[in-house]
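Chemist: Mind looking over this structure? Questions follow.
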Amino acid sequence: YPSFEYLDPFYREMVDITVSLDELKHNIGALSWAMKTIQRIKNETIRKMKRTKSIDRLDKLRREAYGRYISVLKKIGKNMEFLNNAREKLKQIPEVKSCYTIVIAGMPNVGKSTVLHALTGAEPEVQTYPFTTKGINIGYFEYKHNDIQVIDTPGLLDRRFEERNEIELKAVLALRHLADLIIFIIDPSETCGYSLEEQFSLLEDIKNMEIPLIVCQNKSDLRYIENVKIKISAKSGDIDSLKREVFKRLDVELDQ
2 YPSFEYLDPF YREMVDITVS LDELKHNIGA LSWAMKTIQR IKNETIRKMK
52 RTKSIDRLDK LRREAYGRYI SVLKKIGKNM EFLNNAREKL KQIPEVKSCY
102 TIVIAGMPNV GKSTVLHALT GAEPEVQTYP FTTKGINIGY FEYKHNDIQV
152 IDTPGLLDRR FEERNEIELK AVLALRHLAD LIIFIIDPSE TCGYSLEEQF
202 SLLEDIKNME IPLIVCQNKS DLRYIENVKI KISAKSGDID SLKREVFKRL
252 DVELDQ
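2 is the number of the first residue of the sequence shown in our numbering; add one for each residue after it.
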């Protein structure tokens, strides 16, 4: 069966979370066994057919072979059902480009999608994503002839890790393979519905992912806090300070 070891780490973990790599390998192994068994039956039947000139004998050999084929297929019925279901689930995994990737994080309603739009200057693509009812938002911009991918993942990087189930945690950890940089957005006005204490608690979780991080405060026209230097107002389009910091990081990363 195909090797999954050469898959991009992000996709490999997504496959494992979605359908379980071990289960997938087991069921593909059953399909491989069936294919080899049917081929062996076919070869045996052809050899026997070549040694007979009787029409009745040929017909009997043909019917016996078909019966054995059906028996083999019945044995892998559940395996085929699993693989069909797995195929549909795997189609839900979003397609992401292999390029420098910025992931936007923060509590719900802090303005992540607005920041994504302001950074990329275009409406984001919305793709389905396993484990969340919301779509993953993807936008792009070009910097010094390099494609930069910006991703907002509603339902993943927007609440404390301790509140998540095992599958959600694995999905969050898979983002480590995808993100070259995380922009964490704080709403100092707390109009998002979450206190600063809750927002900074999530920030500590994000820091533990050990991915380069930019922290900025949005809605700074309503209120701002002193301990976060980058202040923006994405709704009004005032994100120059964030862009400068992003470009500074890109200059370092892309020149390496």
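Using N, Cα and C, we set each Cβ at its ideal position, and we do this for glycine too.
According to DSSP, which residues form a beta bridge with Met232?
Modeler: It should be noted that the sequence gives Lys, not Met, for residue 232. For Lys232, which the question treats as bridged, DSSP gives the partners Gln218.
Chemist: What is the C-beta distance between Asp238 and Phe185, in whole angstroms, given that I count them as a contact (C-beta under 8 Å)?
Modeler: Note on residue identity: the sequence assigns Gly, not Asp, to residue 238. Contact between Gly238 and Phe185 fails: their C-beta atoms lie close to 20 Å from each other, not under 8 Å.
Chemist: Note down, in chain order, each residue of its chain lying with its Cβ closer than 8 Å to the Cβ of Tyr141, except the 5 sequence neighbours on either side.
Modeler: Lys98, Thr121, Ala123, Asp148, Ile149, Gln150 and Val151
Chemist: Can you tell me which of Gln218, Arg245 and Arg161 puts its alpha carbon nearest to the alpha carbon of Lys230?
Modeler: Gln218
Chemist: Leaving out five residues on either side along the sequence, give the residues of the same chain with a beta carbon under 7 Å from the beta carbon of Met210.
Modeler: Arg177
Chemist: Indicate whether Ile39 and Tyr70 have their beta-carbon atoms separated by less than 8 Å.
Modeler: Taking 8 Å as the Cβ cut-off, Ile39 and Tyr70 qualify as a contacting pair.
Chemist: Using a Cβ-based criterion (distance less than 7 Å to any ligand heavy atom), does Asp23 qualify as near the ligand COA?
Modeler: With respect to small molecules bound, the structure shown includes none, and the ligand COA cannot be examined in it.
Chemist: Count the other CB atoms, across all protein chains shown, that sit within 10 Å of the CB of Ile56; report buried if there are 16 or more and exposed otherwise.
Modeler: The residue is exposed, with fewer than 16 neighbouring Cβ atoms inside 10 Å.
Chemist: Comparing alpha-carbon positions, which option in Leu62, Met36 and Glu227 lies nearest Thr46?
Modeler: The option with the nearest alpha carbon to Thr46 is Leu62.
Chemist: Would you list the residues sitting across from Thr102 in a DSSP beta bridge?
Modeler: Gln150
Chemist: How many angstroms separate the CA atom of Arg224 from the CA atom of Glu6?
Modeler: Approximately 49 Å between the Cα atoms of the pair.
Chemist: Identify, in the order they occur along the chain, each residue of the same chain with its Cβ nearer than 8 Å to the Cβ of Ile207, setting aside the five sequence neighbours on each side.
Modeler: Ala106, Leu158, Ile183, Phe185 and Leu214
Chemist: Here's the rule: buried if 16 or more other CB atoms are within 10 angstroms of the residue's CB, otherwise exposed. What is Glu14?
Modeler: buried
Chemist: Between which two residues does the beta strand (DSSP E) containing Asn138 stretch?
Modeler: Taken as a continuous stretch (DSSP letters only), the beta strand (DSSP E) holding Asn138 covers Ile137 to Tyr144.
Chemist: Answer yes or no: does any C-beta atom of chain D fall closer than 8 Å to that of Arg64?
Modeler: Protein chains in the displayed structure number just one, and chain D is not present.
Chemist: Determine the extent of the beta strand (DSSP E) in which Ile184 is found, giving its start and end residues.
Modeler: For Ile184, the enclosing beta strand (DSSP E) stretches over residues Leu182 to Ile187.
Chemist: Cutting at 8 Å between CB atoms, please list the residues of its own chain near Ile226, excluding the five before and the five after it.
Modeler: Ile187, Pro189, Leu197 and Gln218
Chemist: Under the assumption that Ala180 contacts Thr115 (Cβ atoms under 8 Å), give the Cβ distance between them as a whole number of angstroms.
Modeler: Between Thr115 and Ala180 the Cβ distance is about 20 Å, and since that is not below 8 Å, they are no contact.
Chemist: Since Gln126 sits in a beta bridge, which residues does DSSP pair it with?
Modeler: Correcting the residue type first, residue 126 is Glu in the shown sequence and not Gln. Per DSSP, Ile139.
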